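**Q**
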Amino acid sequence: MTAPPGRPDIDAVIFDMDGILIDSERLYLQAWHIVAEKLDCPEIVPLFPEIVGLPYDELQRVLQRELKPPLTMEFLGTAIREALRPILVDGYPLKPGTVEILTYLENRDLPCAVATSSTTSVPEKLGANGIDHFFRYVVSRDQVARGKPHPDIFLEAAEQLGAAPARCLAVEDSKHGLRAAIAAGMHVVHIPDIAIIDRELTAQCIAVLPNLLALRDYLTEDA
Numbered sequence: 084m085t086a087p088p089g090r091p092d093i094d095a096v097i098f099d100m101d102g103i104l105i106d107s108e109r110l111y112l113q114a115w116h117i118v119a120e121k122l123d124c125p126e127i128v129p130l131f132p133e134i135v136g137l138p139y140d141e142l143q144r145v146l147q148r149e150l151k152p153p154l155t156m157e158f159l160g161t162a163i164r165e166a167l168r169p170i171l172v173d174g175y176p177l178k179p180g181t182v183e184i185l186t187y188l189e190n191r192d193l194p195c196a197v198a199t200s201s202t203t204s205v206p207e208k209l210g211a212n213g214i215d216h217f218f219r220y221v222v223s224r225d226q227v228a229r230g231k232p233h234p235d236i237f238l239e240a241a242e243q244l245g246a247a248p249a250r251c252l253a254v255e256d257s258k259h260g261l262r263a264a265i266a267a268g269m270h271v272v273h274i275p276d277i278a279i280i281d282r283e284l285t286a287q288c289i290a291v292l293p294n295l296l297a298l299r300d301y302l303t304e305d306a
């Protein structure tokens, strides 16, 4: 895509999944509160914004470092899945503007990929919402050596798409995802969700937008 002065030229778009395409982070936070109350462990609540976007192995390190005595991710994951069952009776909802931005990019012949720290839930979230066909590739944590905040997952997605990282637009919500995309050398758009992001990090993004509809409008200005 050729852009006017001040806007990047891009050949592909790479999306994070949770908190960007799928409105799952709020459901996870709800389950997180339920588990904290059930385990009488309120100290895990303020950890949630800090761990959004981290892969499983990094989550375990945070729990070991911050909690005394530490909880294992295996134990906590089981408790969260149990708490999520009644919450997810209707499945994972899409974020507003997901279908609109993906349709827009498809009509512009811009290939898309997903780069996510999730593993097992990817087909459930994308396929059940009928948006999996928009993506040429989905790269998850178990397909790369290092997860976010390392750049590996975005670099792998760019390689699969056949696009140079410097000509990719990455869309992220979490600080770990933003760091990964920036380290990959991509043009990064931040769409805030639950995670708290410092200004030093957002200053390295080409835009901070409220939602995916705003991203469509932002890109439409380049058309």
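Per the numbering used here, the very first residue in the sequence shown carries number 84; after that it's consecutive. Cβ atoms here follow ideal geometry from the backbone N, Cα and C, with glycine treated the same way. Since this is a predicted model, take the numbers as computed values, not measurements.
Consider the Cβ of Asp92: report whether some Cβ of chain B lies at a distance smaller than 7 Å.
**A** Absent from the structure: chain B. Only one protein chain is present.
**Q** With three or more C-beta pairs closer than 8 Å as the rule, is the segment 159-172 touching the segment 114-130?
**A** Taking 8 Å as the limit for Cβ pairs, the verdict is that the segment 159-172 does touch the segment 114-130.
**Q** Give the straight-line distance between the Cα atoms of Arg148 and Phe131, rounded to the nearest whole angstrom.
**A** 14 Å
**Q** Run the CB neighbour count on Pro169, radius 10 Å, all protein chains shown included, and call it buried at 16 or more, exposed below.
**A** exposed
**Q** For Gly180, is the classification buried or exposed, using 16 other Cβ atoms within 10 angstroms of its Cβ as the cut-off for buried?
**A** Buried is the call here.
**Q** Using a Cβ distance threshold of 8 Å, determine whether the segment 92-111 contacts the segment 139-158, with at least three qualifying pairs required.
**A** no
**Q** In whole angstroms, what is the alpha-carbon distance linking Ser223 and Ile236?
**A** 7 Å
**Q** Please classify Ala151: is it buried, with 16 or more other beta-carbons within 10 angstroms of its beta-carbon, or exposed?
**A** Inspection of the sequence shows that residue 151 is occupied by Lys rather than by Ala. It counts as exposed.
**Q** Going by beta carbon distance, what residues of the same chain come within less than 6 Å of Val291, once the five residues before and after it are set aside?
**A** His273, Thr285
**Q** In three-state terms, what does DSSP make of Phe307?
**A** With the chain covering 84 to 306 only, the question about residue 307 has no answer from this structure.
**Q** Relative to the C-alpha of Ala266, which residue among Pro275, Ala253, Thr155 is closest?
**A** Ala253
**Q** So is Thr199 buried or exposed if we call it buried at 16+ other beta carbons inside 10 Å?
**A** Label assigned to Thr199: buried.
**Q** Indicate the three-state DSSP secondary structure (helix, strand or coil) for His273 in the structure shown.
**A** strand
**Q** Using only CA atoms, which one of Glu239, Ile127, Val205 lies nearest to Tyr175?
**A** Val205
**Q** Among residues of its own chain, excluding the 5 on either side of Gly268, which ones have a beta-carbon nearer than 7 Å to its beta-carbon?
**A** Pro248, Ala249
**Q** May I ask you to report which of helix, strand or coil DSSP gives Val128?
**A** helix
**Q** Tell me whether the beta-carbon of Val135 lies closer than 7 Å to the beta-carbon of Ala264.
**A** Val135 is not a Cβ neighbour of Ala264, given a cutoff of 7 Å.
**Q** Per DSSP, Cys195 is paired with what?
**A** Partner(s): Val96.
**Q** Could you check where the alpha helix (DSSP H) with Glu242 kicks off and where it finishes?
**A** Per DSSP, Glu242 belongs to the alpha helix (DSSP H) from 235-244.
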